[in-house]
Amino acid sequence: MPHDPPPTADSTRTSLERWLIALAALAAWSIVPPYLGPLIGLELDVASTVEVVDHVLPGLCAVAAAYIALVEVRRGQTDSFRALAALGVCALAGLFQTVTHATLVLDAGGPLQPVGSVVLHATPGPLLLGLSLWLLVRPQSGDAVA
Numbered sequence: 221m222p223h224d225p226p227p228t229a230d231s232t233r234t235s236l237e238r239w240l241i242a243l244a245a246l247a248a249w250s251i252v253p254p255y256l257g258p259l260i261g262l263e264l265d266v267a268s269t270v271e272v273v274d275h276v277l278p279g280l281c282a283v284a285a286a287y288i289a290l291v292e293v294r295r296g297q298t299d300s301f302r303a304l305a306a307l308g309v310c311a312l313a314g315l316f317q318t319v320t321h322a323t324l325v326l327d328a329g330g331p332l333q334p335v336g337s338v339v340l341h342a343t344p345g346p347l348l349l350g351l352s353l354w355l356l357v358r359p360q361s362g363d364a365v366a
């Protein structure tokens, strides 16, 4: 069986850059639900200040942190403290969004929480958390693979 050549540092860095761009896009998407929902008929009866705290603030923090991590990777500092801390900020933002929507998910299907609206609001947080954690613990290019 032919074997693929081992990934080079440049190809690994390029792949990581793509993942960080996807992370930044996902973080940006996590800001959108309170404003997109009413436009597509998926509204929730939630105060605008709550939406800012639950979506906008953690989303902006995660976008900025993903950008910082991307800059570090493009400098060749894939395992720098700054890059890892930025990914940690993204993970915390995802955790915050996930936890703040837990009660919403538990009450989904009620008269004030239509399932479609709950899915729109609650999905980005766990995805942001999962991708951030995966990027934090992924094997580095120089690590031995068993």
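Heads up: the sequence shown begins at 221 in our numbering, then just goes up one per residue.
C-beta: ideal position from N, C-alpha, C; glycine also.
Other residues of its chain near residue i: CB distance less than 7 Å, five sequence neighbours each side excluded
i: E271; result: P254
Residue i (DSSP reduced to helix, strand or coil)
i: V266; result: coil
i: A242; result: helix
i: S250; result: coil
i: S300; result: coil
Check whether residue i and residue j have beta carbons under 8 Å apart
i: V264; j: S337; result: First, the amino acid is wrong: residue 264 is Leu here, not Val. Their beta carbons are under 8 Å apart, which means L264 touches S337 by this criterion.
i: Q333; j: L324; result: yes
i: A303; j: A322; result: no
i: L348; j: S250; result: yes
Residues of its chain near residue i, where Cβ-Cβ distance is below 6 Å and the 5 sequence neighbours each way are ignored
i: A285; result: A306, V309 and C310
i: P346; result: T318
i: V283; result: A244, A247 and A248
Straight-line gap, residue i to residue j (C-alpha atoms, nearest Å)
i: L356; j: P331; result: 39 Å
i: I260; j: R233; result: 38 Å
i: H341; j: P278; result: 13 Å
i: R358; j: Q297; result: 15 Å
i: S235; j: L280; result: 23 Å
i: L353; j: P258; result: 31 Å
i: S268; j: R294; result: 37 Å
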